[in-house]
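Novice: First the structure, which I've put down as structure tokens, then a few questions once you've had a look.
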Amino acid sequence: MTVSTTASSLARKDVANHFHPYTNLRAIEQDAPLIIVEGDGIEVIDDAGKRYIEGMAGLWCASLGFSEKRLAEAARRQMEVLPYYHSFSGKAHNVVAELSEKLISLAPTPALRDGRVIFANSGSEANDTAFKLVRYYHNAIGKPQKKKVIARVKGYHGVTVATASLSGIPMMHQHFDLPIDGVLRVGCPHPYQFAQDGEAPEQFATRLAEELEALILKEGPDTIGGFIAEPIQGAGGVIVPPPTYFEKIQPILKKYDILFIADEVITGFGRTGNLFGSQTFKLEPDLLTTAKMITSAYVPLSALYVSGKIYQACADASASLGVFGHGYTYSGHPLGCAVALETLKIYEERQIVEHVRAMTPVFQQGLQAFAGHPLIGDVRGVGLIGAVELAEDRTARKPFDPKRGVGAYLVRRAQEHGLILRVMGGDIIAFSPPLIITEAQITEMMTRFARALDDTASWLKGV
Ligand SMILES: Cc1ncc(COP(=O)(O)O)c(C=O)c1O
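Quick note: the sequence shown uses the working numbering, first residue 144, plus one each step.
And the structure:
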């Protein structure tokens with residue numbers, strides 16, 4: 144094994160022992176990872192003491208930054224009082240009861256407020272549970288044929304066998320022998336990449352809705368049980384759907400009795416300027432998954448909202464089977480629940496959603512200021528999530544050859560300048576900072592990004 148001579152001893156230890164997720168495993172053996180040892184507000188600090196603005200809040204998740212003492216205190220208290228208990232077979236604990244009540248009171252629609260929440264530990268597990276409930280529900284109501292789930296190109300829903308299958312990103316399928324049967328795919332609502340020349344965004348939305356209906360009719364509506372969508376596709380490249388997209392999709396789902404799963408793992412709890420993306424995009428899902436910012440990512444926890452209609456059918460079926468045969472050892476873990484309750488309390492006390500709305504123009508205008516740059520083809524975002532998409536020829540919407548690694552170079556330069564960002568497939572640079580970011584910090588983030596962009600332009604010119 145070879146590692147860079149400048150890598151720290153911690154980095155060397157890491158590459159000798161650690162099988163990294165979502166990483167080029169050979170490249171990291173050479174380069175060694177950036178080792179982060181501390182957090183401070185919206186910044187993280189590496190093992191050499193260098194500070195970085197975390198422009199992605201980690202993985203779209205550390206909403207309250209990296210040093211919120213109240214969450215540490217809530218975790219400590221819970222560890223001392225009741226470090227573990229479960230909710231299987233007639234048991235529960237006070238914190239899971241309290242959090243369930245709180246989440247239901249915050250649910251974005253009457254159908255979900257009339258429902259229940261079921262807990263897991265990650266976005267993948269929550270979506271996996273939703274996938275299983277599509278099956279369980281349709282068996283329970285006597286429609287055992289209605290099982291296929293429609294998902295979208297560039298969707299990201301997790302890494303379990305079912306949720307990686309739902310995800311529409313090729314590297315998640317290659318060598319894993321995925322997707323599994325029963326997952327169908329429709330197009331991605333990304334006007335910049337997929338709208339035809341001269342096609343207005345609304346016409347593009349109509350075309351996608353027609354494509355969805357045509358697929359349902361081709362497969363047979365009685366065979367389609369669910370449709371899964373993120374309000375904004377995050378890992379696919381921060382894709383904001385064109386106006387009227389969801390307005391046109393939802394009536395088709397209703398017409399054919401297809402359950403709508405809203406994957407709010409990224410958008411849940413404030414990212415788009417409302418507590419839920421479902422409010423921003425006027426969605427009426429039957430199932431809604433949340434994770435990440437539910438605990439500001441301090442402890443793993445996810446929650447799946449299940450509408451009253453689905454819950455009641457599952458309850459009847461479990462009564463006849465004797466038990467509802469699903470649940471994790473750590474479903475509704477007291478530590479996750481206690482930290483979630485404290486996180487939600489802080490969101491209310493500090494008016495985090497209002498803060499996101501106040502910061503939105505600063506952030507979005509900051510990104511839009513790069514719109515005329517010769518390397519940038521598209522700039523987009525909602526609330527405190529956004530992206531710039533690089534282009535070799537912006538008028539022709541022509542991307543760089545992926546082999547050139549232009550986006551990867553840009554994020555490396557940003558890191559040199561003290562800003563952590565992430566490059567998505569197709570040289571898209573994503574921004575999703577902690578929700579507590581201030582106006583001055585947004586300005587500083589954009590300044591550092593501008594420096595990295597200048598470096599990239601010089602590099603491309605061979606200067
Ligand atoms: C929209 C969406 N769904 C699901 C997931 C999977 O969540 P996890 O990584 O917690 O399993 C992610 C992760 O980024 C996500 O962005």
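Quick reminder that beta carbons are idealized off the backbone N, C-alpha and C, glycines included. Here the structure is a predicted model, which is why all the values come from computation and not from measurement.
Consider the C-beta atom of alanine 273 and the heavy atoms of ligand 1; say whether any pair is separated by less than 7 angstroms.
Specialist: No - ligand 1 has no heavy atom lying nearer than 7 angstroms to the Cβ of alanine 273.
Novice: I'd like to check one pair, glycine 475 with phenylalanine 231: are the Cβ atoms closer than 8 angstroms?
Specialist: Taking 8 angstroms as the Cβ cut-off, phenylalanine 231 and glycine 475 do not qualify as a contacting pair.
Novice: In chain order, what residues of the same chain lie with their CB nearer than 6 angstroms to the CB of asparagine 417, ignoring the 5 residues before and after it?
Specialist: Here the set comprises Thr423.
Novice: Looking only at its own chain, which residues have a Cβ that is under 6 angstroms from the Cβ of tyrosine 280, when we skip the five neighbours before and after it?
Specialist: Answer for tyrosine 280: Ile453 and Ala456, listed in chain order.
Novice: Where are the alpha helix (DSSP H) runs, 4 residues long or more, that stay fully inside the segment 247-278, in chain order?
Specialist: You should have 253-256.
Novice: Taking 7 angstroms as the line, does the beta carbon of aspartate 400 fall inside it for any heavy atom of ligand 1?
Specialist: For ligand 1, not one heavy atom lies less than 7 angstroms from the Cβ of aspartate 400.
Novice: Please list, in chain order, all residues of the same chain as threonine 145 whose beta carbon is under 7 angstroms from its beta carbon, the five residues on each side excluded.
Specialist: With a pLDDT of 42 at threonine 145, under the threshold of 50, the modelled position of that residue is not reliable, and the figure given next carries that caveat. Around threonine 145: Glu172 and Gln173.
Novice: In this structure, how does DSSP classify serine 147 when only helix, strand and coil are distinguished?
Specialist: Note that serine 147 has pLDDT 46, beneath the 50 cutoff, so the model's placement of it is unreliable and the number below is only indicative. In this structure, serine 147 counts as coil in the three-state DSSP scheme.
Novice: Should isoleucine 323 be labelled buried (16 or more other beta-carbon atoms within 10 Å of its own) or exposed?
Specialist: By the 10 Å Cβ count, isoleucine 323 comes out exposed.
Novice: Distance check for lysine 193 and serine 147, CA to CA, integer angstroms please.
Specialist: At serine 147 the pLDDT is 46, less than 50, meaning the model places this residue with poor confidence; the figure from the coordinates comes in the next sentence. Spanning the two alpha carbons is a distance of roughly 19 angstroms.
Novice: Taking all protein chains shown into account, do 16 or more other C-beta atoms lie within 10 angstroms of the C-beta of lysine 156, making it buried, or fewer, making it exposed?
Specialist: Classification for lysine 156: exposed.
Novice: What's the C-alpha gap between threonine 472 and proline 313?
Specialist: So the alpha carbons of these two residues sit roughly 32 angstroms apart.
Novice: Cβ of serine 463 within 7 angstroms of any heavy atom in ligand 1?
Specialist: No.
Novice: So within the segment 472-539, which uninterrupted alpha helix (DSSP H) runs reach at least 4 residues, ignoring any that extend past its ends?
Specialist: As far as the segment 472-539 is concerned, its whole alpha helix (DSSP H) runs of at least 4 residues are 477-492 and 495-511.
Novice: Beta carbon of leucine 202: closer than 7 angstroms to some heavy atom of ligand 1?
Specialist: Yes.
Novice: When you compare only the Cα positions, how much space is there between threonine 503 and histidine 229?
Specialist: Cα to Cα, the separation comes out at about 40 angstroms.
Novice: Within the chosen definition, does the segment 490-503 reach the segment 574-594 through at least 3 CB pairs nearer than 8 angstroms?
Specialist: In short, these stretches touch, since the Cβ pair count reaches three.
Novice: Using the C-alpha atoms, what's the distance from isoleucine 178 back to glutamine 494?
Specialist: C-alpha separation (whole angstroms): 33 angstroms.
Novice: According to DSSP, is glutamate 186 part of a helix, a strand, or is it coil?
Specialist: Residue state, collapsed to three classes: strand.
Novice: Would the segment 398-413 and the segment 360-379 be scored as touching if the rule is three or more Cβ pairs under 8 angstroms?
Specialist: They touch, by the three-pair rule.
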